[in-house]
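Worksheet: the structure to be examined is printed underneath.
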Amino acid sequence: MKRPAQTLLLTLTGIGLLHTALFTDTYLRYVKAGLRPLLIASGVVLLLLGLAAAALRGEQRHTTHDDREHAHSDEYGDKHGDAYGNTHGHDHSGAPRIAWLLFLPALSLLFYAPPALGAYTAARSNNKPVAVQRTGFAPLPATSPLPLTLTDFTKRVQQDRSRAIKNRVVQLTGFVTPAEDDDGWYLTRIIFTCCAADSQTVKIRVYGSEAPPANTWLAVTGTWHPQGALGTRTARVALDARATRPIAQPVNAYTDDLPLTPS
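According to my numbering, the stretch in the sequence shown is residues -15 to 247, in order.
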C-alpha cells in the first residue's frame, strides 16, 4: 500500500466515523451512547491527519519537481541520480499488501452497517451475573402490570427475601432467543458495559407461549414461574406468559431499560 492509499484510508475512516456518529444511530451497535463524543473527536482527528498528509505529499511533489528541473541542468547531478537508481521523486515506503483489507471496515462505516448483535450471540453466551443487592429492596408499586427490567426481575426472584414478586403481574421487554430445547424460549437483553466486545447477556425463560421468531422484540406480561425457593439462588428466573405483543426495537437496544410502551 503506497502513501496515497494510506492517506485515503485515513480520510475515509475519519469521514466514516463522523457519518456514523453524527448522522445515524448505527454507532450504538458498537459502543455505548456515552462514547459518542469520543467517536466524533476520533473522526475529526483522522480526517485532519488524512488532509494534512495529502497536503504534505502535494508539497513534497512540488519540491521534487523543482529538484528534477535543477538536476537536468546539472550534468553531475543527472549522473548521480542515475548511479543511485534515480531516487529523486520516488516513494519506496509502503505497508504490507494485507493492509488493503483495512479499507473494508472504513467503507462499511459509509455504505454498509453490519447486523446488530442478537439471538445468535445470546444463544452462545452465558447469562450476565447479576450484582448482589447490598441494600434492602424498596417496596414495589401497586401498578399492574408492573414494568421491570430483566435485571430487576432477576434480582427480585433470587435475592428479595420478602418475596414481593410472588403473584405479581409484571411486564418485561426484550428480544426472542430460541431455547436449546423445545420447552419455552428466552426473553433477552444484550448489555454493553463499554462496547460490543464486552457485551453481556441477560435472559429470562418464558413459558406458556409459543416461541416467536428469533430476534423479535416483544413486551411480555406474566407472573413468576414457580420453581425453586423464591428469594434464593435456587429460584428459576422464568416467567409464565399471559400475553405477548410485538414492539419496535429500541433505538438504543444494548441497555436493560424499563418498558416504554403501554401494556
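The beta-carbon is built from N, C-alpha and C at its ideal position, and this holds for glycine as well.
Counting only the same chain and skipping the five closest in sequence on each side, list residues whose C-beta sits under 8 Å from that of residue i.
i	result
Y191	D167, G168, H209, A222, L223, D224, A225
T299	Because the chain in this structure spans residues -15 to 247, residue 299 falls outside the shown range and cannot be described.
L12	V235, N236, A237, Y238
From the DSSP secondary-structure annotation, give me the bridge partner or partners of residue i.
i	result
R173	V186
A203	T157, R229
L130	V154
W208	L223
Using a Cβ-Cβ cut-off of 6 Å (strictly less than) and excluding sequence neighbours within five positions of residue i, which residues of its own chain qualify?
i	result
A198	A103, V160, P162
P234	none
V15	C179
A97	T10
What are the start and end residues of the alpha helix (DSSP H) that includes residue i?
i	result
L(-4)	-13 to 7
A181	Taken as a continuous stretch (DSSP letters only), A181 belongs to no alpha helix (DSSP H), as it is neither H nor E.
P89	87 to 95
D136	134 to 143
T105	103 to 107
Using CA atoms only, rank isn't needed, just tell me which of the options is closest to residue i.
i	options	result
N236	G206, G212, I175	I175
P80	R13, R(-13), P234	R(-13)
A142	T10, A39, P113	A quick correction: the sequence has Gln, not Ala, at residue 142. Ranking the options by Cα distance to Q142, first place goes to P113.
L250	L32, L(-7), L1, L88	Since the displayed the chain opens at -15 and closes at 247, residue 250 lies outside it and no answer follows.
P89	T228, L22, I(-1)	I(-1)
R41	V153, Q117, T(-9)	T(-9)
L202	L35, A232, R189	A232
K139	R108, L86, A219, F87	A219
A25	A5, A39, L35, T10	A5
T135	T(-5), L171, D165	L171
V29	E43, T(-5), I82	T(-5)
Using 8 Å for Cβ pairs, my map puts residue i next to residue j. What's the rounded Cβ distance?
i	j	result
D240	R147	Contact flag wrong, Cβ pair sits at about 23 Å.
H3	L94	6 Å
R145	G215	5 Å
Can you list, in chain order, the residues of its chain whose CB lies under 7 Å from that of residue i, leaving out five sequence neighbours each side?
i	result
N111	T185, V186, K187
L(-7)	L86, F87, A90
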